[in-house]
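Read the structure below first, then the notes.
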Amino acid sequence: MSVKFKVKDVNENEASLKWIEGFQFLGYAREHSVTIDQKKEDGGENLGFKPTELLLLALGGCLGSRIVAEAMFKELKIEDLKLDIGISRAARTSESNAKWLITVKVHIKGDISKEEKEEIVEKAEKYCKISHILKGTCEIQAEVVS
């Protein structure tokens, strides 16, 4: 399906969304586009990412970028980096009103100690904009697993 959609000039903190049909949307930010849809069993055609998947990827991209930046700042060499991100309903406790629990399993390969890995992940959480946006409704647990 070819969709004509003129992209207006948007800055880096804006995006545009155009409804295609059914549950399909075409999202634009800067000069990039992404297709958004639902799974077939949810009424969509499964032609793109679900909104929740994009949210998790946004968080992972933000944390990943911050991890790399922190490692570079400390002159630590990362050979490989992988983040596995999941979301589920959170169990409410007296300490947290979070409705959602997001878990981030961080896999870092390189000549970096476990303590250094944990430190750069902790700093990444502190400086990730997406983390800050989600904090009110989500509890985010990042864990270095390797």
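With the numbering used here as the guide, the letters of the sequence shown map in order to residues 630 to 775. Ideal Cβ positions, reconstructed from N, Cα and C, are used throughout, including at glycine.
Original post:
Taking contact to mean at least 3 C-beta pairs separated by less than 8 Å, is the segment 726-744 in contact with the segment 690-700?
Top reply: By the criterion of at least three beta-carbon pairs nearer than 8 Å, the segment 726-744 is in contact with the segment 690-700.
Subject >> Bridge-paired residues (DSSP) for residue 770 >> reply: Beta-bridge pairing links residue 770 to 732.
Original post:
To which residues of the same chain is residue 663 closer than 6 Å at the C-beta, ignoring the five residues directly before and after it?
Top reply: Setting aside the 5 residues that flank it on each side, residue 663 is surrounded in the same chain by 656, each with a C-beta closer than 6 Å to its C-beta; the list follows chain order.
Subject >> Integer-rounded CB distance, given that residue 760 should sit under 8 Å from residue 688 >> reply: Confirmed, Cβ separation roughly 7 Å.
**OP:** Starting from the Cα of residue 716, find the closest Cα among 754, 749, 682, 705 and give me that residue.
**Re:** Relative to the Cα of residue 716, the nearest Cα in the group 754, 749, 682, 705 belongs to 682.
Original post:
Is it right to say residue 711 is buried, meaning 16 or more other beta carbons lie within 10 angstroms of its own, or is it exposed?
Top reply: The residue is exposed, with fewer than 16 neighbouring Cβ atoms inside 10 Å.
Original post:
What is the DSSP secondary structure of residue 718, reduced to helix, strand or coil?
Top reply: Residue 718: strand per DSSP, three-state reduction.
Original post:
Alpha carbon to alpha carbon, what distance is there between residue 747 and residue 756?
Top reply: Answer to the nearest angstrom: the Cα atoms are 14 Å apart.
Original post:
Thinking C-alpha only, which one of 772, 754, 773 is nearest residue 764?
Top reply: Closest option to residue 764, Cα to Cα, is 754.
Original post:
residue 731 and residue 767 look like a contact to me (Cβ under 8 Å); what is the Cβ gap, rounded to whole Å?
Top reply: 5 Å between Cβ atoms; contact.
**OP:** Pull up the DSSP beta-bridge partners for residue 663, would you.
**Re:** DSSP, once it has assigned bridges, lists 656 as partnering residue 663.
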